[in-house]
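What follows is a single structure, written as structure tokens, with notes after it.
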Amino acid sequence: LQGVSIKPAAEKEALPIGDVKLEGVTEANGGYAIATVSTSPFEHSKDGVTLDLSPVVIHDMKVPAEGSTDPLGSL
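So in the working numbering, spot 50 of the sequence shown is number 293, and the numbers just go up one at a time.
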């Protein structure tokens, strides 16, 4: 995914974080299983504060089907 932005519910503006790579995506019970989710390094500065993150890597992520009883199903 190119040019990804995130927007926490309490924020007015989205924060661009760059590219996110999804590997090993399969359908699972109406949702998805993703073997690896990874980002590029990220840096953002605002009002004298700098956020500098190393690449983030998540293994074995699941995205449940909409309406699922899984606790993450309502996200």
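For each residue, glycine too, the CB sits at the ideal point set by N, CA and C. Here the structure is a predicted model, which means the values were calculated and not measured.
Excluding the 5 residues flanking it on each side, I277 has same chain C-beta neighbours closer than 6 Å at L265, V268 and M304, in chain order. Counting along the chain, D313 sits inside no beta strand (DSSP E), nor does DSSP assign it H or E at all. T293 and E270 have their C-alpha atoms some 38 Å from each other. DSSP, read as helix, strand or coil, puts L244 in coil.
Assignment of P307 by DSSP, reduced to helix, strand and coil, places it in the coil class.
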